[in-house]
Amino acid sequence: MNAPERYEMFTLPEGVRKITIVKDPKMANCLQFNIQREDHTIANILRYQLLKHPLVLFAAYRSPHPLEYYVELKVQTTAKTTPIEVMRESIQSLMIEYGNIRSAFDTEIYRLDAPTGEETRRTARTGTGYGGFGSMDAQANDFGSSGDMGGRGGRTDDVDIDF
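Per this note's numbering, the sequence shown starts with residue 1496, numbered consecutively.
Next up, the structure:
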């Protein structure tokens, strides 16, 4: 088979830098960031965050080839700042934003795990019990009785997660 080994998508080869920066000679105040071993996921998130910055004139990315595991992210800014500085600010902003989402998620998981008085709920982190990720212990009353046309089946475990 001609395809590279799967581990090559994730492991950075010896001596290769994670990010290389190339100056664009045709556009003023513009840099291209080549990010190794990443794909559309991180590139699109960065592009979106960069475009929210008021001093960014242009931000776009491309993946040169499906079998080459890097993305090219091009950023052009006004003369008031540099693409490197805007990239730093965008990454820091994303780290804060995703940190807040993680903390809200952890808070809700903790709230679900707290004892209710009638019984202690099983932890959702281990994938056990109703609502756990990968839960395989579904019972008939988890989905309603056979005569209950898709109703709640007497369950009162509704949980609203607010972020």
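Backbone N, C-alpha and C define an ideal beta-carbon position, used for all residues, glycine too.
Predicted model, so just to flag it, every value in this text is computed and none were measured.
From the options, residue whose alpha carbon lies closest to that of residue i
{"i": "Met-1590", "options": "Met-1522, Ile-1537, Thr-1515, Val-1511", "result": "Ile-1537"}
{"i": "Pro-1499", "options": "Tyr-1593, Tyr-1564, Thr-1602, Thr-1573", "result": "Tyr-1564"}
{"i": "Leu-1562", "options": "Leu-1550, Arg-1532, Thr-1573, Lys-1513", "result": "Arg-1532"}
{"i": "Glu-1592", "options": "Arg-1512, Ile-1540, Asp-1534, Ala-1609", "result": "Ile-1540"}
Cβ-based burial, residue i [other Cβ within 10 Å; buried from 16]
{"i": "Thr-1515", "result": "exposed"}
{"i": "Tyr-1556", "result": "buried"}
{"i": "Ser-1585", "result": "buried"}
{"i": "Arg-1542", "result": "buried"}
{"i": "Met-1522", "result": "exposed"}
{"i": "Ala-1574", "result": "exposed"}
{"i": "Gln-1544", "result": "buried"}
{"i": "Gly-1629", "result": "At Gly-1629 the pLDDT is 43, less than 50, meaning the model places this residue with poor confidence; the figure from the coordinates comes in the next sentence. It counts as exposed."}
{"i": "Ala-1599", "result": "exposed"}
{"i": "Gly-1510", "result": "exposed"}
N- and C-terminal bounds of the beta strand (DSSP E) containing residue i
{"i": "Thr-1515", "result": "1514-1518"}
CB contact flag (residue i, residue j, <7 Å)
{"i": "Pro-1578", "j": "Val-1566", "result": "no"}
{"i": "Thr-1485", "j": "Asn-1524", "result": "No statement about residue 1485 is possible, as the shown extent of the chain runs from 1496 to 1658 and does not include it."}
{"i": "Val-1581", "j": "His-1548", "result": "yes"}
{"i": "Thr-1465", "j": "Leu-1550", "result": "This structure cannot speak to residue 1465, because the chain is shown only from 1496 to 1658."}
{"i": "Lys-1518", "j": "Leu-1526", "result": "yes"}
Element boundaries [alpha helix (DSSP H), containing residue i]
{"i": "Phe-1505", "result": "Taken as a continuous stretch (DSSP letters only), Phe-1505 belongs to no alpha helix (DSSP H), as it is neither H nor E."}
{"i": "Met-1590", "result": "1578-1608"}
| Ranges of the beta strand (DSSP E) found wholly within the segment 1525-1570, counting only runs of at least 3 | 1525-1531, 1551-1557
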